[in-house]
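Asks: Chains as they are written, first to last, in the working numbering: chain A, 47 to 392; chain B, 132 to 518; chain C, 1498 to 1626.
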Amino acid sequence: MSSVGIVSYGTYIPKFRIKAEEIAKVWGEDADSIKSGLGVLQKSVPDLDEDTATISVEASREAIKRAKIDPKKIGAIFVGSESHPYAVKPTATIVGDAIGCGNFFHAADYEFACKAGTAGIQTCIAMVKSGMIEYGLAIGADTSQSAPGDPLEYSASAGGTAFIIGKSPIAEVEATLSFTSDTPDFWRREGQPYPSHGGRFTGTPAYFRHVYTAGEKIMRENGYKPEDFDYAVFHQPNGKFPVRVARMLGFRSEQIEQGLVVRKVGNTYSGSSVLGFSAILDVAKPGDKILLVSFGSGAGSDAFIFDITDRIEEFEREPKVWDKINRGVEVDYSVYLKLRRKIKMK
Amino acid sequence: MEKVAIIGVGQSEFGELWDKGFREIVLKAGIEAIEDAGLEGKEIEAMYIGNMSGGRYLAQEHISALIADYSGLAELGTPSTRIEGADASGGLALRQAYLAVASGIHDIVIAAGAEKVTDVASEMTTDIMASSADREWEGFVGATIPALFALMAKLHFERYGTTSEDLAMVSVKNHKNGVLNPKAQFRREIRVEDVLNSPLVAEPLHLLDCAPLSDGASAVILANEKIAREYTDNPVFIRACTQASDYLAVQNRRDITTMESVRKASSLAYRMAKISPEDVDVVEIHDSFTIAEIMAYEDLGFVEKGKGAELIREGITELTGPLPVNPSGGLKACGHAIGATGIRQAVEITLQLRGMAGKRQVDCETGLSLNIGGTGATAVVTVYGVR
Amino acid sequence: MLPRFWRKIKYRYDIVGTVCETCGSKYYPPRNFCPICRRKSKMKEVNFGDKGEVVSYTVVHDTPEEYRMMKPYIVALIKLDGGPTITSQVVCDESEIHIGMRVKKAFRKYFEDGEDGIIYYGTKFVPES
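1) If you draw a straight line from the C-alpha of C:His1558 to the C-alpha of C:Cys1589, how long is it?
2) Report yes if the CB atom of B:Leu484 is closer than 7 angstroms to the CB atom of B:Val367, and no otherwise.
3) What's the C-alpha gap between B:Ala199 and B:Arg370?
4) Can you find the residues in the same chain that come closer than 8 angstroms, C-beta to C-beta, to A:Lys118, ignoring five residues on each side of it along the sequence?
5) Does the structure place the segment 274-287 of chain A close enough to the segment 357-367 of chain A that three or more beta carbon pairs sit under 8 angstroms?
6) Can you give the beta carbon distance from A:Ile211 to A:Ile171, rounded, assuming they're within the 8 angstroms contact cut?
7) By the 7 angstroms beta-carbon criterion, what residues does the segment 279-301 of chain B contribute toward chain C?
8) Candidates A:Ala153, A:Gly51, A:Ser201: which alpha carbon is nearest A:Gly312's?
9) What are the boundary residues of the alpha helix (DSSP H) that B:Gln476 is part of?
10) Does C:Asn1544 come out as helix, strand or coil in the three-state DSSP assignment?
11) Run through DSSP, which three-state label would B:Gly244 get?
12) Taking Cβ-Cβ distances shorter than 8 angstroms, what residues in chain C pair up with B:Leu344?
13) Quick check on DSSP: helix, strand or coil for C:Cys1589?
14) Exposed or buried, C:Arg1504, counting other C-beta atoms within 10 Å across all chains shown (16 or more means buried)?
15) Say whether chain C places a C-beta atom closer than 7 angstroms to the C-beta of B:Ala217.
16) Output yes if chain A places a C-beta closer than 7 angstroms to the C-beta of C:Arg1605; else output no.
17) For C:Lys1568, go through chain A and note every residue whose CB falls closer than 7 angstroms to its CB, in chain order.
18) State the beta-bridge partners of C:Thr1555 as determined by DSSP.
19) Could you work out which residues of chain C lie near B:Thr257, taking near to mean beta carbons separated by less than 7 angstroms?
20) Within this structure, are the beta carbons of B:Leu501 and B:Ala380 separated by less than 7 angstroms?
21) If you reduce the DSSP assignment to three classes, tell me which class C:Phe1622 lands in.
22) B:Gly203 and B:Ala168 - do their beta-carbons sit closer together than 7 angstroms?
23) Could you give the DSSP three-state label for C:Met1498: helix, strand or coil?
24) Compute the Euclidean distance between the alpha carbons of C:Asp1610 and A:Ala187, then round it to the nearest angstrom.
25) So which residues of chain B does C:Pro1500 contact, with C-beta pairs closer than 9 angstroms?
26) Cα-Cα, which of A:Ser224, A:Ile354, A:Ser176, A:Ser324 is closest to A:Val308?
27) With B:Cys495 and B:Val413 assumed to form a contact (beta carbons below 8 angstroms), what rounded beta-carbon distance in angstroms separates them?
28) Closest Cβ-Cβ distance between C:His1595 and chain B: below 7 angstroms?
29) Of the choices B:Tyr401, B:Gly439, B:Ser211, whose alpha-carbon is the least far from that of B:Val511?
30) I'd like to know if A:Glu104 contacts chain C, where contact means its C-beta is closer than 7 angstroms to some C-beta of that chain.
31) Quick check: what's the CA-CA separation for B:Leu338 versus B:Val326?
32) Determine which residues of the segment 1530-1554 of chain C have a Cβ less than 9 angstroms from any Cβ of chain B, and write them out in chain order.
33) Could you confirm whether any beta carbon from chain C is found closer than 7 angstroms to the beta carbon of A:Thr100?
34) With C-beta atoms as the reference, is A:Ala349 less than 7 angstroms away from A:Gly245?
35) Buried or exposed: where does C:Ile1583 fall if 16 or more other Cβ atoms within 10 Å of its Cβ makes it buried?
Below, the structure written as structure tokens:
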């Protein structure tokens, strides 16, 4: 069977940023201890006219342009998000019409907290491998919510990544697996505007258990050790967890640095680990091996081993993720409240 | 073709007429016109009424029947027709009335225009006006009517050096004239600074660059020359009444600093009236926005393209200047009662040519009015003369 | 208004218009009849591409109800590199916008039918660089 993997990728990060200092000032907290404790210096903020659908479309358009493929060859679209604009009515259909992929395509929205994006990638891999479709579009995008004053407010941000999955990839999927359990670490009930979480419970039994187990297992099953990887990227709910789990698994900081985008952009939820992964693809060379482990509360992790192919040399990778991250426009807390529609209007 | 004359004029107050309904306002203008003509009323053979949006302002369609009913014309079975062309509705009603008499089908008819806008909230008013542009491709993207005129203004500035001060001077002039008009909505002078300091509506247009939307009605009685001579010693003749169209959406126009509809309608009007722009003594221009008056100076042929602002800078169009424009105060000071405006302009020119315009009287024998719909997709030009 | 929006989704989400194969005239929004060739018109759908130049613009301060949150916003006429001129919003700082500015398309939200109604998406423009 010819190799299947990532044929193209595109990213989108809204231009506004809010700094941790600005949020801390409002809630009477110490910015320095937040920044060192959370490892997040600033986060992206969507404009009033941006949402998961617009972010998904922009990221997808970049991916299609870079792939130089006819969008009509895309046979499936999955949009993973926990902030779909509609509770009922798919985001994927909006994306489909906006990118002009015709009407004969499979579409569905995924929700699995922060790993709905990688869930879509796995589904697309299966559909391409089975011969059901030629190309699949898997998107992870969010304009994540956080209650004012909640620690989440420092990290919950906006952004998205779109992957085109198909044959003759730039990054071949060598292996993938998932580890899933019913773990109530973070949730949002139907009709509630903001998510709730279990505080420190989100750590050991949730994030670390799932990410570690999935990462450890995929390496063991495929006969790899951490030093066999050029890069590793883990879900980034804050700047601390991915660094710690990398250390637990035996990775050195140089292996994760390129993909550690959370400090400057926040947690883009369904776009989080895949945005870091995209930052790695921006600089990866043929022969590089990459470990990606996502995490979604509730809870589960999808792990992937990717091998970069020669095709990446011909592949258009500008503008790079880090350029987009560093190109922000700062807003203050009151503008942030308006942009995030946290001001009750008549 | 019969020669057509205006033998009676009437106008309600323009403004926020809280205590008057649509029916009362129309009736007031109509009765005034009938009395002015010295008619009994039953001589009227047909009625044409310009009204932009009774359907949305009042949730009342079939305006023609409503007015026929309340004016007593339904009792006689007199035909009544409502005509819609956004804020050119009045001008179109005048033209239909003119054609009916000119053709010889009717001898004596009434053309009226009316709008009642204050029964709905002001946001709704803005929304209804937006329907005079392309709702699907302009309104949808937030291109309000002021925004579309602002696009024209901005390019006029860039290309021809017109400035915000020039636009402000148009408003200042029209307000100055409005003081002298007892029926004007705003009868107070303003200064250039007032315009420039008023809130921005759509940059570069300030609030005082925009005509208000008002309640109001106006009416004129038209008759053929023979009948006109029986009723009046000073008939005012309609020497031409022309109409032209342009693309509805501004984006499709050849050049947004030119209103092709105005150029086409006016050149035809001059030809039909056998006059040239220099022969015009007094003008009523559709200054829904100040930039529209500047552009109209050019498109009506009073000055070459791009030099419209010179007329206002040099005082040419002042009441005391060689070409007085909007002696009534224009839409800006008189008020813009949408469907009534085109007829109100005819009322003003008639009063001027009769020499009955009071303190705002100018020396004139030939007059012209320009009524446009929306952003200029419809233009009606009427030339009036004492002979 | 739902069907009215739905019918034109294709043309709003991307810059798809029509070209008359008889005379070559290009139209956005699409027309099914060429105003120049009239009955001889032969219309074909075409995508007018991603970029264009600002012909004129305004910053709208007095907004319709549905745009209250966006106040002020920029409306511009943009001459598309692909031919026709489009009326659209430009998302950028007021100090940036100018006649002749190069812009590229962006998929954005225009407005919503309240909190429980549908969301109207469409094409806006952002600075090219």
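Cβ atoms here follow ideal geometry from the backbone N, Cα and C, with glycine treated the same way.
Replies: Working from what's here:
1) Residue mapping note: residue 1558 of chain C aligns to position 61 of the third sequence, counting from 1. Residue mapping note: residue 1589 of chain C aligns to position 92 of the third sequence, counting from 1. Rounded to the nearest angstrom, the two C-alpha atoms are 15 angstroms apart.
2) Taking the second sequence and counting its residues from 1, one reaches residue 484 of chain B at position 353. Taking the second sequence and counting its residues from 1, one reaches residue 367 of chain B at position 236. A contact, by the Cβ cut-off of 7 angstroms.
3) Residue mapping note: residue 199 of chain B aligns to position 68 of the second sequence, counting from 1. Residue mapping note: residue 370 of chain B aligns to position 239 of the second sequence, counting from 1. When rounded, the distance between both Cα atoms is 28 angstroms.
4) Against the first sequence, residue 118 of chain A aligns to sequence position 72. Cβ neighbours of A:Lys118 beyond the five flanking positions: Gly146, Cys147, Gly148.
5) The segment 357-367 of chain A makes no contact with the segment 274-287 of chain A; the number of CB pairs closer than 8 angstroms stays below 3.
6) For the purposes of this step, residue 211 of chain A is identified with residue 165 of the first sequence, where counting begins at 1. For the purposes of this step, residue 171 of chain A is identified with residue 125 of the first sequence, where counting begins at 1. Contact holds; Cβ gap of about 6 angstroms.
7) Ala281, Leu282, Lys285, Leu286, Glu289
8) The residue you call residue 312 of chain A lines up with position 266 of the first sequence. Taking only the C-alpha atoms, the option nearest A:Gly312 is A:Ser201.
9) Numbered from 1 along the second sequence, position 345 holds the residue referred to as residue 476 of chain B. DSSP places B:Gln476 inside the alpha helix (DSSP H), whose first and last residues are 472-485.
10) The residue given as residue 1544 of chain C occupies position 47 in the third sequence. Strand, per DSSP.
11) For the purposes of this step, residue 244 of chain B is taken as the residue at position 113 of the second sequence. Looking at B:Gly244 - three-state DSSP - the assignment turns out to be strand.
12) Numbered from its first residue, the second sequence carries residue 344 of chain B at position 213. Ordered by position in chain C, no residue passes the 8 angstroms Cβ test against B:Leu344, which lies about 12 angstroms from the chain.
13) Locating residue 1589 of chain C in the third sequence gives position 92, where the first residue counts as 1. C:Cys1589: coil per DSSP, three-state reduction.
14) Mapped onto the third sequence, residue 1504 of chain C falls at position 7. So C:Arg1504 ends up on the exposed side.
15) The residue labelled residue 217 of chain B in the question sits at position 86 within the second sequence. With 7 angstroms as the cut-off, B:Ala217 does not count as an interface residue toward chain C.
16) Residue numbering aside, residue 1605 of chain C sits at position 108 when the third sequence is read from its first letter. Under the Cβ criterion of 7 angstroms, C:Arg1605 is counted among the residues facing chain A.
17) Here the question's residue 1568 of chain C lines up with position 71 in the third sequence. Residues of chain A passing the Cβ test: none, with the nearest at roughly 10 angstroms.
18) Against the third sequence, residue 1555 of chain C aligns to sequence position 58. DSSP output for C:Thr1555 lists C:Val1572 as bridge partner(s).
19) Walking along the second sequence from the start, residue 257 of chain B turns up at place 126. The answer, in chain order, is Pro1561.
20) Here residue 501 of chain B refers to the residue found at position 370 of the second sequence. Here residue 380 of chain B refers to the residue found at position 249 of the second sequence. Not closer than 7 angstroms, so no.
21) As a first step, residue 1622 of chain C is located in the third sequence; it is residue number 125 there, counting from the start. Under the three-state reduction of DSSP output, C:Phe1622 falls in the strand class.
22) Translated into the one-based positions of the second sequence, residue 168 of chain B becomes position 37. Translated into the one-based positions of the second sequence, residue 203 of chain B becomes position 72. Going by C-beta atoms, B:Ala168 is not nearer than 7 angstroms to B:Gly203.
23) In the third sequence, counting from the first residue as 1, residue 1498 of chain C sits at position 1. Here C:Met1498 sits in coil by DSSP.
24) Against the third sequence, residue 1610 of chain C aligns to sequence position 113. Against the first sequence, residue 187 of chain A aligns to sequence position 141. Going by the C-alpha atoms only, they are around 23 angstroms apart.
25) In the third sequence, the residue the question calls residue 1500 of chain C occupies position 3. Here the premise fails: no neighbours, minimum Cβ distance about 12 angstroms.
26) For the purposes of this step, residue 308 of chain A is identified with residue 262 of the first sequence, where counting begins at 1. The shortest C-alpha separation from A:Val308 is found at A:Ser324.
27) The residue you call residue 495 of chain B lines up with position 364 of the second sequence. The residue you call residue 413 of chain B lines up with position 282 of the second sequence. Confirmed, about 4 angstroms.
28) Here residue 1595 of chain C refers to the residue found at position 98 of the third sequence. C:His1595 does not count as touching chain B.
29) Numbered from its first residue, the second sequence carries residue 511 of chain B at position 380. The shortest C-alpha separation from B:Val511 is found at B:Tyr401.
30) For the purposes of this step, residue 104 of chain A is taken as residue 58 along the first sequence, with counting starting at 1. With 7 angstroms as the cut-off, A:Glu104 counts as an interface residue toward chain C.
31) Numbered from its first residue, the second sequence carries residue 338 of chain B at position 207. Numbered from its first residue, the second sequence carries residue 326 of chain B at position 195. Distance between the alpha carbons of B:Leu338 and B:Val326: 7 angstroms.
32) Pro1532, Val1552, Ser1553, Tyr1554
33) To locate residue 100 of chain A, count along the first sequence from 1; it is residue 54. It does: the Cβ of A:Thr100 has a partner Cβ on chain C nearer than 7 angstroms.
34) Locating residue 349 of chain A in the first sequence gives position 303, where the first residue counts as 1. Locating residue 245 of chain A in the first sequence gives position 199, where the first residue counts as 1. It is not a contact, given that the beta carbons lie outside the stated cut-off.
35) The sequence position of residue 1583 of chain C within the third sequence is 86, counting from 1. C:Ile1583 comes out buried.
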